[in-house]
Every structure is written in structure tokens, then in C-alpha cells.
Amino acid sequence: MITQLKKGSLELCVLALIDHQDSYGFEIVETISKYVEVSEGSIYPLLRRLTQEGYTESYFHQSTEGPARKYYFLTNEGKEYYREMYHQWMVFNQEVQKFFMTYHKENVTNESTNRK
Amino acid sequence: MSQRIESKEEFLNILREGLKKLDSKTQEEILYDYEEHFTIGLSKGMSEAEIAKALGSPRVIANQYRFEKAIQKAEARPSFQSIAKAIFVAMSLGFFNLVFVLGFYIGLVGMLFGLIVGFGVSILAGLVLMIRAFIPSFLLEHFSIGIDHSLTTNPLFLFAFGFIWIVLASGLVVLLSHAFRVVFLATIRYLKFNYRVILESSQQTKLP
Chain D
470 MITQLKKGSL
480 ELCVLALIDH
490 QDSYGFEIVE
500 TISKYVEVSE
510 GSIYPLLRRL
520 TQEGYTESYF
530 HQSTEGPARK
540 YYFLTNEGKE
550 YYREMYHQWM
560 VFNQEVQKFF
570 MTYHKENVTN
580 ESTNRK
Chain W
72 MSQRIESKEE
82 FLNILREGLK
92 KLDSKTQEEI
102 LYDYEEHFTI
112 GLSKGMSEAE
122 IAKALGSPRV
132 IANQYRFEKA
142 IQKAEARPSF
152 QSIAKAIFVA
162 MSLGFFNLVF
172 VLGFYIGLVG
182 MLFGLIVGFG
192 VSILAGLVLM
202 IRAFIPSFLL
212 EHFSIGIDHS
222 LTTNPLFLFA
232 FGFIWIVLAS
242 GLVVLLSHAF
252 RVVFLATIRY
262 LKFNYRVILE
272 SSQQTKLP
């Protein structure tokens, strides 16, 4: 079940990271996997789709440590899109929390007597 | 099948194989991203096998790109082939639930299609009726269509009925074609929605 929850939020995490700072693919993968267990291969198709939809663009930057890296940044549409998605996510989170506050019970041992 | 990929070469080969139906510019761009990923990983001291393992199945990754392409095509030109292709790739990614959704879906599409063809063909029948209106009744003695005989020889009736039927059947064909298009567009939206939601899981499923 946890994988289902992660899936929708991967895009949100990537957008947040790029919004925070221009980043290259490997770095995005590395950073996100510190917080969330992620299948790294899905990041690149996601980045490609974000670029095709006009939310991100990329440029190459020479690095001292090795070959040139492709850096991603958010376009204005991308920033707007991210803000909107972030807002929806937060609202959803709060709604679910409120729901749990009423209906979640710790240490349930018997079958619920509310079955119809 | 979850074979262990030991080298960058192996990974990229499987990936390239899965991407071969895409145009060469797209292939190059995609492969470049993974080349860069390996290069950077190696420069940070990881082994090729470790990098490959963390990336996941190259075949599944290739399917993700194929799906994006199929969906774009289907959106640009919704046709039976493009939608079927998109569904096919979606199934390989594991999210066009086979038994329940696909069965129902095929039934719905089949029914719509059958109705369109049926009514379309019946337009011809309407034409035949209209033509009969102009044929003298004595020539038709042997070709009764089973209704009250006086009606079937009344040219005015034949003509009017034929004409009305053609109008009705054409209208229905147009309506049903519109419904067909609506189903196509809904299918595309359904596939896109599911893809965004389960993008992650396809990496963790063992796919043939």
C-alpha cells in the first residue's frame, strides 16, 4: 500500500527539489532516496515528461569533478504547477489527518462490531 | 524475471532494445541521460552493478518511455490503432487491469462499433426502399417484404419510409460516432491518470 502513496508524490518531490535549486538527474535521485525509498529509474522518464509539458528546462554545466552535467530548472509554468500541486497535497494530507483523528484506533484486537 | 545486471553495457543494451521503436533522436536523448547517470555514479565510487541495481529494470524503464510516446500519439490523433497501442503498452506496465476493466471495455467498444456498422449498413436498406418506390408494382409481385401488401406497393409510403429511415440511421451513426470519440478520449485520460499514480510501482513489479 505504501508504494501506492509514494507514486503520486514522486513528481511533487522532484518539482520541489528543482524549485529549491537547479539540479542534475543523479543528484535528484540521490537526494530523494535519502528520504524516500524510490526506484531510481523512474526519475528520468519523469524529468523527460516534465520537460515535454513545459514545466522544466535543462542546460549543460561543466563541472570540475567530471563530464558536463544536465541541470534542470522550473519554468514559470512549472513553478505555478508546483505551487498548485503542493497546495493540493497539503490540503489532502490535512483532510486525511482529520479523518484519522476521528476514526483511527490504536491496538484494535477484535473484529469491528460495526460490520453490516 | 529479475535478472541481475552486472554492467553498464548490459543495462544500456536492454534499454536500447526496449526503445528501438522510438525515433532515433528520442533514443539518443534517453540513452544519454542514463550514460550520464552511470558516469557520475562511477565518479562517486559506485560500481556499475550497484548503479544498475538502484536504477531498476531497464525493460520497465523502456516501457515507461514507450507509454509516454503512445499516449502522445493517441492524444494527437485518437484512432482505434493509437488507442489500442496505448492500452497494450499500459498492460505491459501492469495497470490496465486485465480481467475486469479490459473485458468490460472490449464489450463496450465492440457494442458501439457493431451499432455503428449495423446502422450504417441499414442506410443502404433505406435506399433500397426509396428505389422500390419507382418500380411498378406488378414487377414486385414476387418480392414481398412481409408487411401489409398494399403498403409495400404504395410508392409514396416506400419513398417516405426509406427517406425517414436514412435520416434516422444517419443521425444515429453520427451520434454513436460521437460517443465512440468520447470513449476514446476518456480512455486516454484514464491511462494518463493511472500512469501518473502508479509510475512508481511498475519499477517494483516483476514483469516478464
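Protein sequences appear in the order of chains D and W. In case it helps, my numbering puts the first sequence at residues 470 to 585. In case it helps, my numbering puts the second sequence at residues 72 to 279. By construction, the Cβ of each residue, glycine as well, lies at the ideal position given by its N, Cα and C atoms. Quick caveat: nothing in here was measured; it's all calculated off a predicted structure.
Round the Cβ separation of residue i and residue j to the nearest angstrom and send it over; I've been treating them as touching at under 8 angstroms.
i, j, result
"W:R252", "W:P149", "7 angstroms"
"W:E116", "D:E509", "A small correction: the amino acid at residue 116 of chain W is Gly; Glu does not occupy that position in the sequence shown. Actually they do not touch by this definition, with Cβ atoms about 17 angstroms apart."
"D:L479", "D:Y555", "About 14 angstroms separates the two Cβ atoms, so there is no contact after all."
"W:L90", "W:A133", "5 angstroms"
"W:F228", "W:M201", "With a Cβ gap of about 11 angstroms, W:F228 and W:M201 do not count as contacting."
"W:E77", "W:A120", "5 angstroms"
"D:Y550", "D:Y524", "5 angstroms"
"W:V180", "W:V254", "7 angstroms"
Could you pull the start and end residues of the beta strand (DSSP E) that residue i belongs to?
i, result
"D:Q531", "525 to 532"
"D:P536", "535 to 543"
Can you tell me which residues form a DSSP beta bridge with residue i?
i, result
"D:S492", "D:Y541"
Taking the alpha helix (DSSP H) that residue i falls in, what are its first and last residues?
i, result
"D:P514", "512 to 521"
"W:I154", "151 to 163"
"W:A204", "From DSSP, W:A204 is part of no alpha helix (DSSP H); its letter is neither H nor E."
Given that residue i touches chain C, what residues does it touch there, using C-beta distances under 8 angstroms?
i, result
"W:G112", "Included in the structure are the protein chains D and W, with no chain C among them."
- Message: What are the residues in the segment 119 to 136 of chain W lying within 8 angstroms of chain D by C-beta distance?
- Response: Residues of the segment 119 to 136 of chain W with a C-beta atom less than 8 angstroms from some C-beta of chain D are A125, L126, G127, S128, P129, V131, I132, Q135, Y136, listed in chain order.
- Query: Where are the alpha helix (DSSP H) runs, 4 residues long or more, that stay fully inside the segment 72 to 140 of chain W, in chain order?
  - Reply: 79 to 89, 95 to 114, 119 to 126
- Task: Below 9 angstroms between beta carbons is the criterion; list the residues of the segment 538 to 567 of chain D that meet it against any residue of chain W, in chain order.
- Result: R538, K539
- Under 9 angstroms (Cβ pairs) to chain W, residues found in the segment 495 to 509 of chain D: F495, E496, V498, E499, S502, V507, S508, E509
- For the segment 521 to 537 of chain D, enumerate the residues whose C-beta is nearer than 7 angstroms to any C-beta of chain W, in chain order. E534, G535, P536
- In chain order, what residues of the segment 137 to 162 of chain W put their CB closer than 9 angstroms to some CB of chain D? F138, E139, Q143
- Can you give me, in chain order, the residues of the segment 239 to 264 of chain W that have a beta carbon less than 7 angstroms from any beta carbon in chain D? none
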